[in-house]
Amino acid sequence: MALRIGNTIRGRKYSYRLIEKLGDKTIFSPVFKAELLPGVQYLLPKSLWHV
């Protein structure tokens, strides 16, 4: 997967939306500023959660 501004990367607890490219010194390891989004758990209806 190529990393581009606007892409969303899913994690276990959170997702991250790439919003700005920072200090791109090499082609192979760009650094991005990301916005923290709620993860998959947040998207499920609360009625599906049991304790």
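Numbered per this note's numbering, the sequence shown finishes at 72, counting up by one with no gaps.
Note that the Cβ used here is the ideal one computed from N, Cα and C, for glycine as well.
Values in this document were obtained by computation on a predicted structure and should not be read as measured data.
- Residues Thr29, Tyr35, Ser36, Tyr37, Arg38 of the same chain have their beta carbon placed closer than 8 Å to that of leucine 58, with the five preceding and five following residues left out of the count.
- When only Cα atoms are considered, isoleucine 26 and arginine 33 end up about 21 Å apart.
- When the Cα atoms are used, leucine 43 and alanine 55 turn out to be separated by approximately 10 Å.
- For leucine 24, no beta strand (DSSP E) encloses it, and the DSSP letter there is neither H nor E.
- The DSSP-derived three-state label of lysine 42 is strand.
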